[in-house]
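Participant: All residue numbers for the sequence shown refer to numbering that gives the first Met the number 0, where the first residue is 0 and numbers rise by one. We put the CB at the ideal spot given by N, CA and C, even for glycine. Handing you a structure now.
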Amino acid sequence: MARTTTHRKDGRGARAAASRSTAQQTVPATRSREPARLFQTKNDLPEATRVEVIALLNQRLAECIDLQTQCKQAHWNVKGPSFIGLHKLFDEINESVEGYVDLIAERIVQLGGIAEGTIGAVEGRSTLVDYPLAIATGAEHVAALSDALSGFARVARVGIEEMQELKDADSADMLTDVSRGVDQWLWFVEAHQQARE
Ligand SMILES: [Fe+2]
């Protein structure tokens with residue numbers, strides 16, 4: 000079970016749960032409800048540690064994939080006088096975040112777990128706030144994407160503490176790398192709203 004205390008603010012999880020319970024009336028239980036599987040590995044971290052780390056990293060993976068989709072949403076839809084700069088910046092951020100997604104997912108697999116990166120898994124798990132769909136201006140996208148970046152950086156730091164508690168120094172180091180990168184991108188985005196010409 001995830002140790003984070005974050006909660007989705009917009010009730011998307013509740014809506015998803017409601018739609019899943021409707022779906023249950025006509026379809027069998029989804030494949031995502033299959034019990035987590037652990038593969039044998041010569042990695043010397045204790046199995047009990049790996050089980051906990053895998054579950055917690057799958058939580059971070061969901062949020063990182065959610066963040067990546069939000070970067071693309073911003074990249075596609077931003078408009079206004081700052082269009083080209085922001086359009087390119089948001090795509091650069093997307094590329095970096097795609098790298099973070101890969102790092103987290105592959106760490107899960109290295110520990111004998113299954114990286115759960117489907118839209119269905121992400122939807123039910125991410126604690127990030129939904130990206131607003133109706134916004135258009137540069138200022139609106141800067142505000143929305145900086146919210147997403149800072150939200151992810153916060154849960155990444157929660158993850159670092161969790162990995163340290165579990166004595167998985169490598170996963171803690173990986174999340175430290177990721178959170179440092181996200182902090183840099185937050186600066187790049189926030190700089191647009193920190194001073195006016
Ligand atoms: Fe593009």
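Taking DSSP as the reference, what is the three-state secondary structure of Pro-27?
Facilitator: With a pLDDT of only 48 at Pro-27, under 50, the local geometry of the prediction cannot be trusted, and the value read off the model is given with reservation. Three-state result, Pro-27: coil.
Participant: For ligand 1, is there any heavy atom lying closer than 7 angstroms to the beta carbon of His-74?
Facilitator: Result yes, Cβ under 7 angstroms from ligand 1.
Participant: Alpha carbon to alpha carbon, how far is Ala-1 from Pro-80?
Facilitator: Any answer about Ala-1 is weak, because its pLDDT of 39 lies below 50 and its placement is not dependable; what the coordinates show is given next. Rounded to whole angstroms, Ala-1 to Pro-80 spans 42 angstroms at the Cα level.
Participant: When the Cα of Gln-193 is compared with those of Leu-174, Gly-150, His-74, Val-141, which residue comes out closest?
Facilitator: That would be Val-141, whose Cα lies nearest to the Cα of Gln-193.
Participant: From the DSSP output, which residues share a beta bridge with Lys-78?
Facilitator: In DSSP, Lys-78 forms a bridge with Thr-136.
Participant: For Asp-146, verify whether its CB is less than 7 angstroms away from any heavy atom of ligand 1.
Facilitator: No, since every heavy atom of ligand 1 falls outside the 7 angstroms radius drawn around the Cβ of Asp-146.
Participant: Note down, in chain order, each residue of its chain lying with its Cβ closer than 8 angstroms to the Cβ of Gln-39, except the 5 sequence neighbours on either side.
Facilitator: These residues qualify, in order along the chain: Gly-111.
Participant: Does at least one heavy atom of ligand 1 sit under 7 angstroms from the Cβ of Asp-43?
Facilitator: Checking every heavy atom of ligand 1 against the Cβ of Asp-43, none is found closer than 7 angstroms.
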